[in-house]
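Per the working numbering, the sequence shown starts with residue 9, numbered consecutively. All residues carry an ideal CB built from backbone N, CA and C; glycine is no exception. Here is the structure we will look at.
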Amino acid sequence: MSTSLRRVLLLSYYFPPHGGAGVQRTVKFVKYLPGLGYEPVVVAGPAGTAPAWAPADPALGAELPTDVQILRIEEPEPPQAGRWRSRTRRLLHLRSPFARWLEDGLASTGAAVADRVDLIYASMSPWETGDAARALATRVGVPWVADLRDPWALDEWAVYPTGVHRRLELERMRRLLDSATAIVMNTPGSGEAVRRRWPALADRVRVIPNGYDAADFAGPAAQPDPRVFRIVFSGYAHTSYGRSYRRFGAVRSRLGGAARGLDPLSRSHVFLLDAVAEVLARRPDLAEVLEVHLAGVGSDDHAHELSSVIAHGYVPHTRAVELVRTADLLFLPLHDLASGVLNLTVPAKSYEYLASGRPILAAIPAGDTRDLLSSAPSVTCCGPKDVDGIARSIESAVDAWRGHGTHDVDRSAFMAPYERRELSRRLAGVFDEVIRGPDR
9 MSTSLRRVLL
19 LSYYFPPHGG
29 AGVQRTVKFV
39 KYLPGLGYEP
49 VVVAGPAGTA
59 PAWAPADPAL
69 GAELPTDVQI
79 LRIEEPEPPQ
89 AGRWRSRTRR
99 LLHLRSPFAR
109 WLEDGLASTG
119 AAVADRVDLI
129 YASMSPWETG
139 DAARALATRV
149 GVPWVADLRD
159 PWALDEWAVY
169 PTGVHRRLEL
179 ERMRRLLDSA
189 TAIVMNTPGS
199 GEAVRRRWPA
209 LADRVRVIPN
219 GYDAADFAGP
229 AAQPDPRVFR
239 IVFSGYAHTS
249 YGRSYRRFGA
259 VRSRLGGAAR
269 GLDPLSRSHV
279 FLLDAVAEVL
289 ARRPDLAEVL
299 EVHLAGVGSD
309 DHAHELSSVI
319 AHGYVPHTRA
329 VELVRTADLL
339 FLPLHDLASG
349 VLNLTVPAKS
359 YEYLASGRPI
369 LAAIPAGDTR
379 DLLSSAPSVT
389 CCGPKDVDGI
399 ARSIESAVDA
409 WRGHGTHDVD
419 RSAFMAPYER
429 RELSRRLAGV
439 FDEVIRGPDR
């Protein structure tokens with residue numbers, strides 16, 4: 009890379025050969041920042057571990073610049089504690105061995121190059137990434153930028169033992185973000201939530217959403233069997249967690265540790281399959297044409313023995329995009345929430361769904377995801393657990409397909425602000441602003 013580029017130390021526990029939405033965000037920034045004046049130097053977690061939220065996807069590494077410098081924590085991760093020890097530590101609000109290992113590992117690994125960078129950027133979570141960035145920034149006297157891929161303690165998806173624990177985490181969040189020169193949130197709602205809760209931080213908040221890479225959609229899509237109507241769900245399926253949460257979730261909610269009405273089970277394909285079963289019970293003739301494709305972690309966890317369901321399990325990102333582009337209907341689910349509680353996150357796959365040009369059925373609550381999708385063409389929205397609404401939408405889509413097939417919808421103008429090059433340009437703009445300082 010050119011020596012004229014400014015250098016940014018990029019801290020990211022999740023990084024290739026691992027995959028997942030968080031990894032994709034970081035990879036695309038590393039891919040496009042050099043063309044915008046910034047040379048990323050990456051400090052990442054060990055390559056050999058397999059984090060639960062980032063299954064292996066080595067192909068993502070092929071998108072990185074060949075000369076990018078990648079440093080990795082050399083110390084092995086501490087062994088996972090047993091369930092009861094983990095619960096006790098959470099109840100006592102104690103830091104885990106993993107948290108200490110990650111903060112120390114990122115900080116000590118990054119120290120080797122931190123005195124030769126212009127700023128430090130932390131891709132969070134894990135939230136300890138920010139602690140390491142703060143320590144390094146203080147040591148070498150450069151600014152640091154916090155990029156929150158999820159809104160941390162403000163996230164309605166996050167569950168704590170009690171409201172006291174949530175308030176303690178909110179205070180930890182405030183203290184850490186107060187040390188950052190800029191704070192990047194990835195939805196309008198989460199950015200506004202930070203500004204509203206901590207007005208002193210408001211001027212530092214910028215919103216840079218997730219998006220899609222036009223290069224991932226280059227070339228013609230595969231042509232599946234035209235006699236089959238394909239429903240595709242691609243993403244992390246929280247089926248097991250959703251079922252277990254239902255056993256204790258009401259208690260957590262009453263204690264203030266969970267958002268009112270939170271139901272993680274709907275952030276899966278469970279209600280989609282219920283709806284498909286309902287459709288086939290009403291319209292047995294559709295059994296010959298209806299096909300449901302499930303791809304992602306947990307996608308093989310389903311109760312229905314429907315012959316029309318094909319569970320792919322976790323697939324690499326390139327394969328997931330291929331599946332999305334062959335859909336006659338894309339299904340996007342989210343967790344349910346009580347009326348008046350807004351969703352502050354947008355699943356990363358939402359942008360690739362939109363970029364594909366295929367029709368979308370979104371079973372989602374009020375909030376950022378609905379605000380985005382409801383303003384786009386050829387998107388149908390219903391409630392997260394509205395099985396009848398999902399079923400009726402599927403029937404309507406199949407009938408329309410039988411009449412004239414499925415054609416791509418032109419969303420190019422709508423999606424232009426969410427292209428990865430544009431998002432990287434906006435991040436580079438934040439870096440420019442941070443390096444210039446408030447008085448220049």
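Smallest Cα separation from Gly348: which of Tyr129, Arg183, Ala267, Val305? Taking the sequence shown and counting its residues from 1, one reaches residue 348 at position 340. Residue Ala267 is the option with its Cα nearest to Gly348.
Assumed close pair Ser358, Leu337 - CB separation to whole angstroms, cut-off 8 Å: Locating residue 358 in the sequence shown gives position 350, counting from the first residue. Locating residue 337 in the sequence shown gives position 329, counting from the first residue. At roughly 15 Å, the Cβ-Cβ gap does not stay under 8 Å, so Ser358 and Leu337 are not in contact.
Indicate whether His301 and Ile239 have their beta-carbon atoms separated by less than 8 Å. If you number the sequence shown from 1, residue 301 lands on position 293. If you number the sequence shown from 1, residue 239 lands on position 231. Going by C-beta atoms, His301 is nearer than 8 Å to Ile239.
Mind reading off the beta-carbon distance from Leu314 to Ala285? Whole number of angstroms is fine, and I expect it under 8 Å. By 1-based counting over the sequence shown, the position of residue 314 is 306. By 1-based counting over the sequence shown, the position of residue 285 is 277. Right, the Cβ-Cβ distance comes to about 7 Å (below 8 Å), so this counts as a contact.
Let's see if you can read the secondary structure: which residues bound the beta strand (DSSP E) around Ile529? In this structure the chain extends from 9 to 448, so residue 529 is not present and cannot be described.
Roughly how many whole angstroms lie between the Cα atoms of Asp271 and Arg124? Numbered from 1 along the sequence shown, position 263 holds the residue referred to as residue 271. Numbered from 1 along the sequence shown, position 116 holds the residue referred to as residue 124. Taking the straight line joining both Cα atoms gives about 47 Å.
Integer Cβ distance of Val153 from Val438, believed to fall under 8 Å: Here residue 153 corresponds to residue number 145 of the sequence shown, with the count starting at 1. Here residue 438 corresponds to residue number 430 of the sequence shown, with the count starting at 1. Right, their Cβ atoms sit about 6 Å apart.
Taking the alpha-carbon positions, what's the Ala371 to Ala399 distance? Counted from its first residue, the sequence shown places residue 371 at position 363. Counted from its first residue, the sequence shown places residue 399 at position 391. Each residue's alpha carbon lies about 11 Å from the other.
Rounding to the nearest angstrom, what Cα-Cα distance links Ala107 and Gly113 in this structure? One-based indexing of the sequence shown puts residue 107 at position 99. One-based indexing of the sequence shown puts residue 113 at position 105. Cα to Cα, the separation comes out at about 10 Å.
Kindly provide the ranges of any alpha helix (DSSP H) runs that are 4 or more residues long and lie completely inside the segment 223 to 305, ordered along the chain. 247 to 262, 278 to 290
Pick out the complete alpha helix (DSSP H) segments inside the segment 380 to 443, 4 residues or longer, and give them in chain order. 395 to 412, 420 to 423
By DSSP, does His320 sit in helix, in strand, or in coil? In the sequence shown, counting from the first residue as 1, residue 320 sits at position 312. If DSSP states are grouped into helix, strand and coil, His320 belongs with the strands.
Burial state of Glu164, where buried means 16 or more other Cβ atoms lie within 10 Å: The residue you call residue 164 lines up with position 156 of the sequence shown. With 16 or more Cβ atoms within 10 Å of its Cβ, Glu164 is classed as buried.
Proximity winner among His277, Pro196, Leu298, relative to Val456 (alpha-carbon distances): Nothing can be reported for residue 456, as the shown portion of the chain is limited to 9 through 448.
Helix, strand or coil for Leu314, going by three-state DSSP, please let me know. For the purposes of this step, residue 314 is identified with residue 306 of the sequence shown, where counting begins at 1. Residue state, collapsed to three classes: coil.
Just the C-alpha distance for Arg448 and Asp211, rounded to the nearest angstrom, thanks. Translated into positions along the sequence shown, residue 448 becomes position 440. Translated into positions along the sequence shown, residue 211 becomes position 203. Note on Arg448: pLDDT 46, under 50, position unreliable in the model; the coordinate value appears next. If you draw a straight line from the Cα of Arg448 to the Cα of Asp211, it comes to about 16 Å.
Taking the continuous alpha helix (DSSP H) assigned at Ala201, which residues delimit it? Taking the first residue of the sequence shown as 1, we reach residue 201 at position 193. Note, Ala201: alpha helix (DSSP H), 196 to 205.
Collapsed DSSP secondary structure at Gln32 in the structure displayed: One-based indexing of the sequence shown puts residue 32 at position 24. DSSP, read as helix, strand or coil, puts Gln32 in helix.
In this structure, does DSSP put Leu345 in helix, strand or coil? Within the sequence shown, residue 345 is the residue found at index 337, counting from 1. Residue state, collapsed to three classes: coil.
Span of the beta strand (DSSP E) holding Arg214? Taking the first residue of the sequence shown as 1, we reach residue 214 at position 206. It spans 213 to 215 - the beta strand (DSSP E) in which Arg214 sits, taken as one unbroken run.
Candidates Leu68, Trp92, Pro63, Gly53: which alpha carbon is nearest Val86's? For the purposes of this step, residue 86 is taken as the residue at position 78 of the sequence shown. It is Pro, not Val, that sits at residue 86 in the sequence shown. It is Gly53.
To the nearest angstrom, report how far apart Glu179 and Ala161 are at their CA atoms. The sequence position of residue 179 within the sequence shown is 171, counting from 1. The sequence position of residue 161 within the sequence shown is 153, counting from 1. One C-alpha to the other measures close to 9 Å.
On a CA-only basis, which of Ile128, Arg103, Ser104, Ser12 is nearest Ala115? Give me that one, please. In the sequence shown, residue 115 corresponds to position 107, counting from 1. Checking every option, the nearest Cα to that of Ala115 belongs to Ile128.
Check whether the segment 175 to 189 touches the segment 202 to 218, taking contact to mean three or more Cβ pairs, one atom from each stretch, closer than 8 Å. yes
Give me the residue from Ala62, Glu71, His26 with the minimum Cα distance to Lys36. Counting from one through the sequence shown, the residue named residue 36 turns up at place 28. Comparing Cα-Cα distances from Lys36 to each of Ala62, Glu71, His26, the minimum goes to Glu71.
Check the C-beta distance from Ala384 over to Phe225 and give it rounded, since I have them as a contact under 8 Å. Within the sequence shown, residue 384 is the residue found at index 376, counting from 1. Within the sequence shown, residue 225 is the residue found at index 217, counting from 1. Not quite, the Cβ-Cβ distance comes to about 16 Å (not below 8 Å), so this is no contact.
So, under 8 Å CB-CB, Pro63 and Val305 are touching, yes? Tell me the CB distance rounded to an integer number of Å. Numbered from its first residue, the sequence shown carries residue 63 at position 55. Numbered from its first residue, the sequence shown carries residue 305 at position 297. The pair is a contact, with the Cβ atoms about 6 Å apart (cut-off 8 Å).
CA-CA distance, Leu156 and Tyr40? Position 148 of the sequence shown, counted from the first residue, corresponds to residue 156. Position 32 of the sequence shown, counted from the first residue, corresponds to residue 40. Cα-Cα distance, rounded: 19 Å.
C-alpha distance - Trp409 paired with Asp233, whole-angstrom precision: Against the sequence shown, residue 409 aligns to sequence position 401. Against the sequence shown, residue 233 aligns to sequence position 225. The C-alpha of Asp233 is placed about 13 Å away from the C-alpha of Trp409.
Considering only the beta carbon of each residue, do Ala356 and Ala328 sit closer than 8 Å? Here the question's residue 356 lines up with position 348 in the sequence shown. Here the question's residue 328 lines up with position 320 in the sequence shown. No, Cβ-Cβ distance for Ala356 and Ala328 is not below 8 Å.
According to DSSP, Gly375 sits in a beta bridge with which residue or residues? The sequence position of residue 375 within the sequence shown is 367, counting from 1. BP columns for Gly375 point to Asn351.
Is Asp293 closer than 8 Å to Gly365 when the C-beta atoms are compared? Working through the sequence shown from its first residue, we reach residue 365 at position 357. Working through the sequence shown from its first residue, we reach residue 293 at position 285. No, they are not a contact pair.
Taking C-beta to C-beta, are Leu44 and Arg433 nearer than 8 Å? Mapped onto the sequence shown, residue 44 falls at position 36. Mapped onto the sequence shown, residue 433 falls at position 425. Yes.
From the DSSP secondary-structure annotation, give me the bridge partner or partners of Ser187. Here residue 187 refers to the residue found at position 179 when the sequence shown is read from its first residue. Bridge partners of Ser187: none, in fact.
What is the DSSP secondary structure of Arg103, reduced to helix, strand or coil? Counting from 1 along the sequence shown, the entry for residue 103 is found at position 95. Arg103 falls in the coil class under three-state DSSP.
Quick check on DSSP: helix, strand or coil for Val329? What you label residue 329 is simply residue 321 of the sequence shown in a count that begins at 1. Correct three-state label for Val329: helix.
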